[in-house]
Amino acid sequence: MAVLQMQRISIYGLKKHRKHILEMIQRRGVVEINDVLQEDSIFQQADMSAQKTQFEKNIAASRQALEVLNRYASEKKSLFASLEGRKEIDAAEYDAFAQESEKVLHIVLRINELSKDIADARGSIQKLETQIEALTPWVALDVPMRFKGTKATAAFIGTLAGDLNQAALEERLAELLPQTPIQVDVISSSREQTCVFLLCRKPDAANVEDALRTLGFARPAAPSKTPPAERVKTLEGRVEEQRKIMQAAEDEIKGYADRRESMKFMVDYLTMRQEKYEVIGRLMQSRRTFVLTGYIPARDADRLSKELEEKFDAAVELSMPSEDEDVPVLLQNNKFAEPVEGVLESFSLPGKHEIDPTSIMAIFYYFLFGMMLSDAAYGLIMVIGCGLALLKFKNMEIGMRKSLRMFFFCGISTTIWGFLFGGFFGDATAVISRTFFGKEVVLGPLWFEPIKEPMRMLMFSLLVGVIHLFVGLAMQFIQLWKQKKYKDALYDVIFWYMLLTGAIVFMLSSQMFVDIAQLGFILSPLVGNVAAAVAGVGAVGIVFTAGRESRNPAKRLLKGLYGLYNVTGYLSDILSYSRLLALGLATGVIATVINQMGSMGGGGVGGAILFIIVFILGHVLNIGINLLGAYVHTNRLQFVEFFGKFYEGGGRKFSPFGVHTKYYKIREEK
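Here's what the structure looks like:
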């Protein structure tokens, strides 16, 4: 439960050691570099834009080449590849790759060139096939489509709209040109058009053309110089040539499959170099020296300083950041609380003077999640699944490991609440034993069954809400106390404790409230009167202090009354915890309905098959929906109700200069 102390670090080194110093800092990943120094006549920043642009182009080319290679020679991955994490290599392997990088880059460019050849060939094939498709209706024509006739005759080759047969066409032409002899050949016809060849005497050509125009005659847009059948054969030969080009390119690409890992490393290698050159462009440099400034966690400062000074004779200066600096935030928690750091980060990291709420948040997070899902079988599935993954995949990425560990603890909580409430795949034990064995065996709750006692569950949920909110107020008290704002701690926390606690105790002394809540006890009227007095003192204190920043007495009073009105906000916050009842009941009721549906087939073989199918599909769907619901609503109770009492956030995440690769990670030197 800690926000790590940050120190400002300034590194002064010789320019000839710049590359090795930056590579060491990058591999350690503990320094966030910032720009606070200004250029002057001696120290200036170098322009690295050209180098960064070239790296970006090469990275893009390498990624594209990998995509192309995976398209034609797919990589075999296991079902759990996402859990295996990046492959570890040592620094020596990284350094050795520098000698091979040019060769790998040549392969990358060659693969991209082959991919372009394939794309060009595919485009050419598409164009050729379009031409073949256009010529297909004309393949029966034994003269070139550009044929205009002989010295004595005129030829018309083209299309007419619609489906016409030869007799109908001859009849139409006879009506239009009764005295003109015309030779008509229908080459092909379809619903859309009729391809025709017409021959007439040359003196009659003009009249025939006019008649054809009235029938909607159109010449081909791109007539072939050779007979269509011959042209189609030529085009098909070209298609085959392009297919051979494609096949040869694909075969060559597949031949590079054994260089896939080198290409992956190329992406990471270039990414690291790009980040390094970006940092170089931010350094202040003279002719022979450079200066680097940034932030480093105090726990790592001495070790890195000693290493730099011993290896490179560099000067390292450490200092505490000033109060007005925007210092980055890095959290450090134990294995139990660490998994929910990601949830906290999705809201916001702690701001200045705020404590890290992760540890307290983790306790309530697992507690509330388990109450909402509350089925022992579902919890055991989560525990076993996450536990096996964590044990088997030791090289898993940190973010994935944290998430699985979080759901592992959530699964433990879910299992405990499931047994307390008597849920194991709903009422599966009772339904299975009754349907298939003729004797009902019930897995009873260790505490009570929420479906049968919903009011008891509701009261318990509201009690959990009160505790959760009171802990939030306690966190606010701690923060104010650490900042030595003792009066604010009294005004903004103690008075609210008095008001809320007094009101709750007073209600517990009311017979009407006890009857509604179905409680088995009631407090004495004396206790209720004392509680009412305490609540009254708290209310008066809030009225007179909530608007204390205003000097005008009237405004101060009005703001105080408005502050007291916030008690309705506490009421709505407490009622929000009724979702613990709603989601817990939803899980159990849906599971029960699934079991009842599965048992509708009876106890025979057919009934058993039906039950298994319905049971598996139904419970997979139920655990998926309610797992998501528990996750979302647990986050909401943390972000809105709990954090609303003490936490604002606004901290900036610590973002060190490090190894941000996709496929490989460099093993830290011991």
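Offset between the sequence shown (1-based) and my numbering: plus 686. The C-beta atom is built at its ideal place from N, Cα and C for all residues, glycine as well.
Nearest residue (CA-CA) to residue i, options the options
i, options, result
"Asp-944", "Ala-847, Lys-762, Ala-767", "Lys-762"
"Leu-863", "Gly-1335, Met-1193, Val-894, Leu-850", "Val-894"
"Arg-877", "Asp-849, Glu-857, Lys-1173", "Asp-849"
"Phe-1107", "Phe-1301, Val-1275, Leu-1149", "Val-1275"
"Met-1286", "Ser-1210, Leu-1271, Phe-1122", "Phe-1122"
"Phe-1343", "Gln-960, Arg-1142, Ala-1217, Ala-1232", "Gln-960"
"Lys-919", "Glu-786, Leu-765, Leu-821, Ile-982", "Leu-821"
"His-1305", "Leu-1017, Phe-1134, Glu-1327, Asp-1061", "Asp-1061"
"Glu-815", "Gly-923, Leu-708, Val-870", "Gly-923"
"Ser-1195", "Asp-954, Phe-1093, Leu-1212", "Leu-1212"
"Gln-730", "Gln-1197, Val-1026, Arg-968, Tyr-1349", "Arg-968"
"Val-722", "Glu-1011, Ile-1098, Ile-873", "Glu-1011"
"Ile-1118", "Ala-1063, Phe-1301, Ala-987, Phe-1181", "Phe-1301"
"Cys-881", "Asp-890, Pro-889, Leu-898, Ser-1099", "Leu-898"
"Thr-1115", "Ile-868, Ala-782, Gly-1130", "Gly-1130"
"Gly-1315", "Leu-1269, His-1039, Ile-1084", "Leu-1269"
"Gly-809", "Val-825, Ile-931, Asp-733", "Ile-931"
"Asp-828", "Phe-1325, Ala-746, Asp-896, Pro-914", "Pro-914"
"Ala-1075", "Phe-842, Phe-1094, Tyr-1064, Ala-1063", "Phe-1094"
"Gly-1284", "Ile-1299, Gln-879, Ser-1262", "Ile-1299"
"Lys-1088", "Ala-1048, Thr-1101, Gly-1124, Met-1058", "Ala-1048"
"Arg-917", "Ile-818, Ala-838, Gln-1324, Glu-1009", "Ile-818"
Backbone secondary structure at residue i - three-state DSSP
i, result
"Tyr-1263", "coil"
"Asp-871", "strand"
"Gly-1124", "coil"
"Phe-1110", "strand"
"Gln-933", "helix"
"Tyr-981", "strand"
"Lys-1356", "Per-residue confidence for Lys-1356 stands at a pLDDT of 48, beneath the threshold of 50, marking its modelled position as unreliable; no derived number is given."
"Leu-672", "Residue 672 is absent from the structure shown; the chain starts at 687 and stops at 1356."
"Val-953", "helix"
"Phe-1094", "helix"
"Met-970", "strand"
"Val-882", "strand"
"Lys-1021", "coil"
"Gly-1233", "coil"
"Val-1015", "strand"
"Ala-908", "coil"
"Lys-789", "helix"
"Phe-1340", "coil"
"Val-689", "strand"
"Thr-845", "strand"
"Met-833", "It is worth fixing the name first, because residue 833 is Phe in this sequence and not Met. Coil."
Start-to-end residues for the alpha helix (DSSP H) that takes in residue i
i, result
"Met-1207", "Reading the sequence as shown, one finds Phe at residue 1207 and not Met. Premise fails: Phe-1207 is in no alpha helix (DSSP H) and is neither H nor E."
"Gly-1310", "1291-1322"
"Phe-1053", "1044-1059"
"Arg-757", "735-758"
"Ala-854", "852-862"
"Ile-707", "704-714"
"Met-1141", "1140-1168"
"Lys-1080", "Note, Lys-1080: premise wrong, no alpha helix (DSSP H); not H, not E."
"Lys-1241", "1239-1251"
"Glu-1327", "Element bounds for Glu-1327: n/a, residue is neither H nor E."
"Trp-824", "From DSSP, Trp-824 is part of no alpha helix (DSSP H); its letter is neither H nor E."
"Met-1286", "Taken as a continuous stretch (DSSP letters only), Met-1286 belongs to no alpha helix (DSSP H), as it is neither H nor E."
"Phe-1192", "1181-1194"
"Phe-1033", "1027-1033"
"Thr-900", "891-900"
"Tyr-1172", "1172-1175"
"Glu-770", "767-770"
For residue i, the first and last residue of its enclosing beta strand (DSSP E)
i, result
"Ala-838", "Counting along the chain, Ala-838 falls outside any beta strand (DSSP E), and DSSP gives it neither H nor E."
"Ala-1001", "1001-1005"
"Gln-693", "692-700"
"Glu-774", "773-775"
Sub-8 Å separation of residue i and residue j beta-carbons
i, j, result
"Gly-1335", "Ser-1034", "yes"
"Glu-1050", "Phe-1328", "Contrary to the premise, residue 1050 reads as Phe rather than Glu in this sequence. Yes."
"Asn-1081", "Glu-788", "no"
"Ser-991", "Leu-1004", "yes"
"Leu-1144", "Ile-1260", "no"
"Val-1015", "Gly-1337", "yes"
"Phe-1192", "Gly-1214", "yes"
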